[in-house]
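Sequence lines, in order, name chains A and B. Straight run, no breaks: the first sequence in the numbering used here ends on number 414. Straight run, no breaks: the second sequence in the numbering used here ends on number 414. Backbone N, C-alpha and C fix where the C-beta goes; we use that ideal spot for every residue, glycine too.
Number of protein chains: 2
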Amino acid sequence: MKERVNSKDVAKKAGVSQATVSRVINKYPHIRDTTKEKVLNAINELGFTVDQVARSLNTRKTSTIGLLVGDISNSFFAETSKEIISIARSLGYDVMLSNTDHQSDNLKTSLATLIGKRVDGIIVGSVERFDEQIQTLHDSKFPVILYNTRLASGNCNAVVIDNFKGARIATEHLISLHHKKIAYVTLPLNYSTLYERMEGYKQALADSDIPYDPASVYIGEISTQAIENFIDIIMSSPEKCTAVFAASDQIAIKIMEICKSKKIKVPEDISIIGFDNIDLSRSPFIDLTTISQQHIKMSEIAVHNLVNMIENKDMEEENQNASSVLEPQLIIRGSTKVLDK
Amino acid sequence: MKERVNSKDVAKKAGVSQATVSRVINKYPHIRDTTKEKVLNAINELGFTVDQVARSLNTRKTSTIGLLVGDISNSFFAETSKEIISIARSLGYDVMLSNTDHQSDNLKTSLATLIGKRVDGIIVGSVERFDEQIQTLHDSKFPVILYNTRLASGNCNAVVIDNFKGARIATEHLISLHHKKIAYVTLPLNYSTLYERMEGYKQALADSDIPYDPASVYIGEISTQAIENFIDIIMSSPEKCTAVFAASDQIAIKIMEICKSKKIKVPEDISIIGFDNIDLSRSPFIDLTTISQQHIKMSEIAVHNLVNMIENKDMEEENQNASSVLEPQLIIRGSTKVLDK
DNA sequence: GTGAAAGCGCTAACAA
DNA sequence: TTGTTAGCGCTTTCAC
């Protein structure tokens, strides 16, 4: 095992004090050029690199942020994580990533280890509406920022799009195509995102005097079996549905797959609209009409705001306004069409 | 700013020494039950959690591993990262994730910061064949393990599938369907993975006495424009290609999209086979015949081997054999068919 | 079974 | 401009 070289070794080699080495490393302004050079040479010759662990211990700064996502293999999180990691890096932070699998327990343990490791702040991409852990964390003035979801209480900085409005726009798009019986498929409403989208769907129906029909709504886990059953029902009822609004692109694509297996043509037999605008929905094989989350921008803002909170911890004022609401945008593609009379 | 509570505070509260607190935390066997209880109570009352930074400083262990991938938004890396993070967590390690964007420079800086942060080991999912940095790292006895790619020198532990064999199997599958003119599309051969697949393709042709035709091979960046041109050429030459082998599912899907836009039917007009078996290729909209990388198993082995290297650093023997080669597997789906006479 | 003291590698006053 | 000294919060001998 080769011994690590530390700043003491460098100091000895360069014939200066350890403090001076530290000053050179940290680019202190007032150092004699010859001294600086001596130190730099010693650093090179010995192949010294600073031990960030030791540094962190007394600066109480790790230059690391924690990122908690529901499922990194889900396109939405994969795409946003990539952006978050890249921006964080450009601002001098590394990212510790945890996958919660949408389990509150995992959130809890992840949060605990991240905090134990003294990350400077945490970005969370998926929390249930009534989660208390995040609330507590935020109350303790620890830098946290949510993206994608937010808390029902609103007591934590969050970067989201207006999901209510997005869902309204999606539903209105279908209505504008003369659809009246519009099904809605969503995962359970534990997340603000899904909760608000559901509300938006209802609102749009109400605005057009279309009665809300619970039989046209599926709220639950998205298994092939369950969705198949649901499709069978809405397609066979006397007044059958002519369009489906899915709470996410992932769900929409699942529905399209099932339609394909049942020889139901999209959009001829049924129009489908999703939500998120993940990369895949743009594919000519999917070509899904959807609502853009502006997820790249969302990631960007989340990191910038978090770093701002970290670096200006004193200015309380600043921190309060780290929330943003982005505008949803309708992306019309080939999975929706005018209802034939 | 609330003050952090440390083990000294706990010691005072419990009326014991700091050393005893440490012993309790670390589950030392010989502590009087009453003492242990006092300490545990104090810990609870004060809400103490150990500062891993301080602990790391003298145990020289961070319980963190670095993960370097080419592009986390690419399904292959998203899926493997998820698995790696999950297994690492189960073994007591957190993961610091970096995205290299397939740039050697980014690899370099990521490596440097990870090492500066004193991660216990590093898993690398994408390195060029002749990369020297990884080589150097490995030579210095730092725990590194590659997955997916390996070094041309073979001087670093790696978990890969037999890419040569996989490509041979893929090509032979097409040949067994009576295809003779088989195009090959790949990114530049900087990665062992791609290099070996190319060799496998050539070998399979040679084994069946099919001449290797450079005009049927595209090696370069995968832009829509470039692939369109290439498809035009191979489909219009006197002896036109009837099948394409793509070096990755991502490329295969890109080709399928272009075929769709050109009204070229898959598999009727042309058979397409990919490589990797990413989740998407299973989709009924894609239904791509491909070679399975067993990427979940690959991730699993990579983490286990790395942790093994970390935790048994002394036993040199052990470390040498941390490489594994997995068997590729042909997954036949709907994108390939027998060539009509 | 428990405490005192030293030290991990760095930074940050305070002197000089 | 530079050196000395004292920690950061923990673990770890070495005593007792």
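Secondary structure of residue i, DSSP reduced to three states
i	result
M169 of chain B	strand
F318 of chain A	strand
V78 of chain A	coil
E400 of chain B	coil
Y291 of chain A	strand
T362 of chain A	strand
V197 of chain A	strand
S344 of chain A	strand
D305 of chain A	helix
D349 of chain A	strand
D280 of chain B	helix
D106 of chain B	helix
I188 of chain B	helix
V411 of chain B	coil
R406 of chain A	coil
N378 of chain B	helix
E330 of chain B	helix
S354 of chain B	helix
G273 of chain A	helix
K370 of chain B	helix
I98 of chain B	helix
E312 of chain A	coil
K386 of chain B	coil
K86 of chain A	helix
I337 of chain A	coil
A395 of chain A	coil
With 16 other Cβ atoms within 10 Å as the buried cut-off, status of residue i
i	result
H251 of chain B	exposed
D298 of chain A	Looking at the sequence shown, residue 298 of chain A is not Asp but Gln. Exposed.
P401 of chain A	buried
Y101 of chain B	exposed
F150 of chain A	buried
F318 of chain A	buried
K75 of chain B	Note that K75 of chain B scores a pLDDT of 44, beneath 50, so its modelled location is shaky; the value from the coordinates is reported in the next line. Its Cβ having fewer than 16 others within 10 Å, K75 of chain B is exposed.
F121 of chain A	buried
Q176 of chain A	exposed
Y291 of chain A	buried
H211 of chain A	buried
K338 of chain A	exposed
S354 of chain B	buried
R191 of chain A	buried
I405 of chain A	exposed
Within chain A, partners of residue i - CB distance below 7 Å
i	result
L170 of chain B	I158, V168 and L170
Per-residue contacts from residue i into chain A (C-beta, under 8 Å)
i	result
E152 of chain B	S146
T363 of chain B	The contacting residues do not exist; T363 of chain B stays about 16 Å from chain A at best.
Contacts that residue i makes with chain B (C-beta to C-beta distance below 8 Å)
i	result
P357 of chain A	E330, K333 and S334
K155 of chain A	D144, I145, S146 and N172
Contacts of residue i in chain B (Cβ-Cβ under 9 Å)
i	result
T135 of chain A	V126 and K190
Between the stretch 326 to 346 of chain B and chain A, which residues of the former have a C-beta closer than 8 Å to a C-beta of the latter?
Contact annotation: in the stretch 326 to 346 of chain B, residues whose CB is within less than 8 Å of a CB in chain A are I326, M329, E330, K333 and S334.
Taking only runs of the beta strand (DSSP E) that begin and end inside the stretch 212 to 271 of chain A, which ones reach a length of at least 3 residues, in chain order?
Listed in chain order, the complete beta strand (DSSP E) runs (minimum 3 residues) inside the stretch 212 to 271 of chain A are 217 to 220, 231 to 234 and 255 to 259.
Let me know the beta strand (DSSP E) ranges lying completely inside the stretch 108 to 186 of chain A, each 3 residues or longer, listed in chain order.
Entirely contained in the stretch 108 to 186 of chain A, the beta strand (DSSP E) runs reaching 3 residues are, in chain order, 137 to 142 and 167 to 172.
What residues in the stretch 177 to 204 of chain B have a beta carbon less than 9 Å from any beta carbon of chain A?
Per Cβ criterion, the list reads N179, T182, S183, A185, T186, L187, I188, G189, K190 and R191.
Closer than 9 Å between beta carbons: that is the criterion. Which residues of the stretch 297 to 315 of chain A meet it against chain B?
For the stretch 297 to 315 of chain A, the beta-carbon criterion of a distance under 9 Å to any beta-carbon of chain B is satisfied by none of its residues.
With 8 Å as the limit, tell me which residues of the stretch 105 to 133 of chain A have their beta carbon closer than that to any beta carbon of chain B; keep them in chain order.
Residues of the stretch 105 to 133 of chain A with a C-beta less than 8 Å from any C-beta of chain B: T122, V123, D124, Q125, V126, A127, S129 and L130, listed in chain order.
Members of the stretch 366 to 381 of chain B near chain A, C-beta cut-off 9 Å
When CB distances to chain A are screened at a threshold of 9 Å, not a single residue of the stretch 366 to 381 of chain B falls below it.
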